[in-house]
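What follows is a single structure, written as structure tokens, with notes after it.
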Amino acid sequence: MCFASLGKRLVEAVFIIFCIITINFILIRFMPGDPVVHIIGEDEYLRLEAEAPEVIEEVRREYGLDKPLPVQYITYLNKTLHLDFGNSYRTKLPVLETVLFRMRWTLLLTIPAIVLSSVLGGGLGLRAGWKKGGLLDTIASPIMLFLNTIPTNCMAILFLMVFAFQMGLFPISGITSGGLSGLEKAVDILWHMALPLMILVILRTASYYMLMKSTVQTIRDEEYITVARGKGFSQGQVLRRHVLKNALCPYLTSVCMQFGHILGGSMLVEVVFSWKGMGTLIYDAVNTKDFPILQTCFLFIGICVVAFNLLADVLNMLIDPRLREEDRHA
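When you line the sequence shown up against numbering that gives the first Met the number 0, it's residues 0 to 329, in that order.
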């Protein structure tokens with residue numbers, strides 16, 4: 000891969016992250032009303048405004064809101080670069096510590112979900128797309144199409160009602176039962192994550208299946224596939240050497256995009272199952288107007304999306320030499 004091209008994409012990624020940081024700063028400053036209201040709460044603000052307005056001014060000075068906007072922006076940039084995101088309005092705990100603690104539970108749930116669904120959906124979609132009208136295509140395609148249309152929260156509630164409430168096979172909510180340690184705790188966590196993991200795998204498998212199937216069906220009618228068959232290559236060789244290689248580019252882009260949304264993409268499932276990851280953290284922060292938490296979560300999600308988009312570009316260029324040539328002449 001051309002290093003100049005990689006450097007260009009890195010510069011673009013840094014610029015986009017800078018824009019995300021700037022938007023994060025602007026959001027809270029330009030919301031209607033006094034920013035102090037969002038810090039101490041509306042009821043407390045009204046009480047202090049009537050009884051002790053000097054306390055409001057003290058809060059304003061503490062958060063640097065009494066300074067000119069450019070000075071506030073430079074201070075915010077400096078703190079962000081030093082990973083100083085302040086404290087949560089609700090819990091008063093350091094924001095970075097809170098976000099990192101919740102992030103590990105989200106990653107524990109979503110990484111296996113994306114890996115399993117991408118392998119399963121890609122493999123089934125490849126076979127179904129290659130043998131259009133075959134047994135797999137006939138049976139799997141209507142099922143996957145149906146699953147692809149079901150809202151995540153609806154399936155989560157359905158599974159919760161059937162497998163947790165009615166059948167009692169899985170826990171209703173939470174990450175662990177508590178009071179356990181060692182291997183027992185690890186098994187208990189796996190038991191708690193089984194149902195939300197199952198939902199994420201099923202829904203994402205359906206999405207990946209439809210993408211891979213449509214991509215392969217487009218490629219199988221191309222002229223170079225006909226030429227490869229005419230040269231006497233077996234179907235397996237054509238599939239591996241030509242079809243799979245060309246289908247991987249859009250597929251990897253989609254998978255990388257899913258990894259990009261790995262921190263916030265499972266919010267609905269996390270909320271339904273009370274899985275204490277970043278999804279529930281964002282949900283709670285929205286309800287309590289905990290802006291430092293929201294800003295930091297959005298920043299982390301934005302960086303994750305940019306990083307995996309960059310990874311998708313690099314992987315596509317490594318797989319497809321034509322993209323390298325196009326990029327070199329661009």
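Ideal Cβ placement from N, Cα and C applies to all residues, glycine included.
Query, Result
"Beta carbon of S87 nearer than 7 Å to that of V98", "no"
"C-beta atoms of V215 and L125 nearer than 7 Å", "yes"
"Beta-bridge partners of N86, as assigned by DSSP", "P93"
"Beta-carbon proximity list for G120, same chain, < 6 Å, skipping 5 on both sides", "T204, Y207 and Y208"
"Same chain only: Cβ atoms within 7 Å of V271, ignoring 5 sequence neighbours per side", "N152, A155, I156 and L159"
"Cβ neighbours of L189 in the same chain (closer than 6 Å, five flanking residues each side left out)", "none"
"8 Å contact criterion, which I16 and G301 should meet: CB distance rounded", "7 Å"
"Proximity of G24 and Y62 at Cβ, strictly below 7 Å", "Rather than Gly, the amino acid found at residue 24 in this sequence is Phe. No, they are not a contact pair."
"As assigned by DSSP and simplified to three states, the class of I123", "For the record, residue 123 in the displayed sequence is Leu; it is not Ile. Of the three classes helix, strand and coil, the one that applies to L123 here is helix, per DSSP."
"Closest by C-alpha distance to T21, when choosing among G6, Y44 and L80", "L80"
"Beta-carbon spacing of A284, L293 below 7 Å", "yes"
"Any 3 or more C-beta pairs closer than 8 Å across the segment 195-203 and the segment 111-118", "yes"
"Alpha helix (DSSP H) runs contained entirely in the segment 107-175, provided each spans 4 or more residues", "134-148 and 151-158"
"Cβ contact check for the segment 179-189 and the segment 266-280: 3 or more pairs under 8 Å", "no"
"8 Å contact criterion, which F307 and M256 should meet: CB distance rounded", "7 Å"
"Start-to-end residues for the alpha helix (DSSP H) that takes in A205", "G181 to I218"
"Whole-Å CB distance - L280 paired with C296, under 8 Å assumed", "6 Å"
"Counted within 10 angstroms of its Cβ, other Cβ atoms place V91 as buried (16 or more) or exposed", "The question names Val, yet the displayed sequence has Lys at residue 91. K91 is exposed by the Cβ-count criterion."
"P67 burial status per 10 Å Cβ neighbour count (16 or more: buried)", "exposed"
"Residues of its chain near G276, where Cβ-Cβ distance is below 6 Å and the 5 sequence neighbours each way are ignored", "R101, W104, T105 and E269"
"For E41 and L26, the rounded distance between their alpha carbons", "18 Å"
"Straight-line Cα distance separating L314 from G229", "30 Å"
"Pick from S253, L309, I224 and A49 that is closest to R239, judged by C-alpha positions", "I224"
"Sequence-distant residues of the same chain with beta carbon closer than 8 Å to V237, five excluded per side", "I224, A227 and R228"
"Under 7 Å between C-beta atoms of F169 and L194", "yes"
"Nearest candidate by alpha-carbon position, reference G128, set A185, M197, G6 and D220", "D220"
"Same chain, Cβ closer than 6 Å to A12, five either side skipped, listed in chain order", "V305 and L309"
"Burial state of I261 (16 or more Cβ within 10 Å)", "buried"
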